[in-house]
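**Student:** In this note's numbering, the protein residues as written are 2 to 179. The structure follows.
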Amino acid sequence: MESSSSQQQLITPEDVLESLMNDGTIDAIRLKIITQLKANEELKNTTVKMVEQSKVLNTPGAEKQTKRELFDALRQELETSVLEKASKSVWELILDNNGIGKELSQTVEKVFCRLSGREPPLFPASVELEPEKGKEKETEENGGKEQENVMDNSDSSTKKRKFDEIGSEEGTDEVASR
Numbered sequence: 002m003e004s005s006s007s008q009q010q011l012i013t014p015e016d017v018l019e020s021l022m023n024d025g026t027i028d029a030i031r032l033k034i035i036t037q038l039k040a041n042e043e044l045k046n047t048t049v050k051m052v053e054q055s056k057v058l059n060t061p062g063a064e065k066q067t068k069r070e071l072f073d074a075l076r077q078e079l080e081t082s083v084l085e086k087a088s089k090s091v092w093e094l095i096l097d098n099n100g101i102g103k104e105l106s107q108t109v110e111k112v113f114c115r116l117s118g119r120e121p122p123l124f125p126a127s128v129e130l131e132p133e134k135g136k137e138k139e140t141e142e143n144g145g146k147e148q149e150n151v152m153d154n155s156d157s158s159t160k161k162r163k164f165d166e167i168g169s170e171e172g173t174d175e176v177a178s179r
């Protein structure tokens, strides 16, 4: 019976995203990411080197161009490579399991739990509820080999966690693209 009530309460990634957008969470996380990007000395230094080595600035006659002309030419020359480096840095922040990435995962989980009526955490570190149900089913199907299923279940719960993390990464990709 429990599965029928969970089917009625289907929460989509869009539902979670809409909630995060409406309550200001997306803006707050975006601000944290921007703050950390601005503090990223490696990214700053790389960008400065790229500008210093720019063909636009090192071409004879560049000093005669207006600031606007130089800026437009620099943007055309460097925009793609600078944005690629910035994008890579943003993804490192988002996927960091100790910083913003961890905060993002926890926030998404809390919102999902609130919307679905479940109690957090969905994936406790020690024992998971869902694999317990799976273990009972496997025990019945395999003629009562409960001891082996306990061992198999611990491996599968680890794999499930990784799969769920991958799913959350895809969700963040969707968030980033919006």
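All C-beta atoms, glycine included, are put in the ideal place defined by N, C-alpha and C. None of these values were measured; they are calculated from a predicted model.
Report the three-state DSSP secondary structure of ASP16 (helix, strand or coil).
**Tutor:** As a working mapping, residue 16 is identified with position 15 in the sequence shown. Three-state DSSP puts ASP16 in a helix.
**Student:** Roughly how far, in whole angstroms, is the beta-carbon of LEU32 from the beta-carbon of VAL52, given that I think they are within contact range, below 8 Å?
**Tutor:** For the purposes of this step, residue 32 is taken as the residue at position 31 of the sequence shown. For the purposes of this step, residue 52 is taken as the residue at position 51 of the sequence shown. The Cβ separation is near 26 Å, so there is no contact.
**Student:** Express the C-alpha separation of ILE35 and THR67 in angstroms, rounding to a whole number.
**Tutor:** Start at 1 with the first residue of the sequence shown, and residue 67 comes out as number 66. Start at 1 with the first residue of the sequence shown, and residue 35 comes out as number 34. In a straight line, the C-alpha of THR67 is about 30 Å away from that of ILE35.
**Student:** Less than 7 Å between C-beta atoms, sequence neighbours within five positions excluded: which residues of the same chain meet that for LYS111?
**Tutor:** The residue given as residue 111 occupies position 110 in the sequence shown. PRO121.
**Student:** What are the complete alpha helix (DSSP H) segments, minimum 4 residues, inside the segment 40-123?
**Tutor:** Within the segment 40-123, the runs of alpha helix (DSSP H) that reach at least 4 residues and sit entirely inside it are, in chain order, 42-53, 56-59, 68-96 and 101-117.
**Student:** For LEU84, count the other beta carbons within 10 Å of its own beta carbon; 16 or more makes it buried, fewer makes it exposed. Which is it?
**Tutor:** Here residue 84 is taken as the residue at index 83 of the sequence shown, counted from 1. Under this definition LEU84 is an exposed residue.
**Student:** Assuming LEU38 and VAL91 are in contact, meaning their beta carbons sit under 8 Å apart, how far apart are those beta carbons, in whole angstroms?
**Tutor:** As a first step, residue 38 is located in the sequence shown; it is residue number 37 there, counting from the start. As a first step, residue 91 is located in the sequence shown; it is residue number 90 there, counting from the start. Contact holds; Cβ gap of about 7 Å.
**Student:** Assign PHE72 to one of two classes, buried (16 or more other C-beta atoms within 10 Å of its C-beta) or exposed (fewer than that).
**Tutor:** As a working mapping, residue 72 is identified with position 71 in the sequence shown. PHE72 comes out exposed.
**Student:** Just to confirm, are LEU116 and SER20 a CB contact at a threshold of 8 Å?
**Tutor:** Sequence index remark: in the sequence shown, residue 116 carries index 115 (1-based). Sequence index remark: in the sequence shown, residue 20 carries index 19 (1-based). Pairing LEU116 with SER20 gives a Cβ-Cβ distance under 8 Å.
**Student:** Can you check whether the CB of LYS56 is closer than 8 Å to the CB of GLU80?
**Tutor:** Within the sequence shown, residue 80 is the residue found at index 79, counting from 1. Within the sequence shown, residue 56 is the residue found at index 55, counting from 1. No, the pair does not count as a contact, with Cβ atoms beyond the cut-off.
**Student:** Within the same chain, show all residues whose beta-carbon is closer than 8 Å to that of PHE113, passing over the 5 residues directly before and after it, in chain order.
**Tutor:** Taking the first residue of the sequence shown as 1, we reach residue 113 at position 112. Same-chain partners within the cutoff: ILE12, VAL17, ARG119 and LEU123.
**Student:** Measure the beta-carbon distance from ILE101 to ILE30 and round it to whole angstroms, keeping in mind my assumption that it falls under 8 Å.
**Tutor:** In the sequence shown, residue 101 corresponds to position 100, counting from 1. In the sequence shown, residue 30 corresponds to position 29, counting from 1. ILE101 to ILE30, Cβ: 7 Å. Contact.
**Student:** Quick check on the burial criterion: 16 or more other C-beta atoms within 10 angstroms. Buried or exposed for SER88?
**Tutor:** Residue 88 sits at position 87 when you count from the first residue of the sequence shown. So SER88 ends up on the exposed side.
**Student:** Specify the secondary structure class of ASP24 as computed by DSSP and reduced to three states.
**Tutor:** Indexing the sequence shown from 1 puts residue 24 at position 23. ASP24 falls in the coil class under three-state DSSP.
**Student:** Between the Cα of GLU93 and those of GLY25, LEU44, MET22 and PRO14, spot the shortest distance and give me the residue it belongs to.
**Tutor:** The residue labelled residue 93 in the question sits at position 92 within the sequence shown. Of the candidates GLY25, LEU44, MET22 and PRO14, the one whose C-alpha sits nearest the C-alpha of GLU93 is LEU44.
**Student:** Which value, in whole angstroms, describes the spacing of the CA atoms of GLU139 and ASN98?
**Tutor:** As a first step, residue 139 must be located in the sequence shown, where it is residue number 138. As a first step, residue 98 must be located in the sequence shown, where it is residue number 97. Residue placement at GLU139 cannot be trusted, given a pLDDT of 47 that sits under 50; the coordinates are not used to answer.
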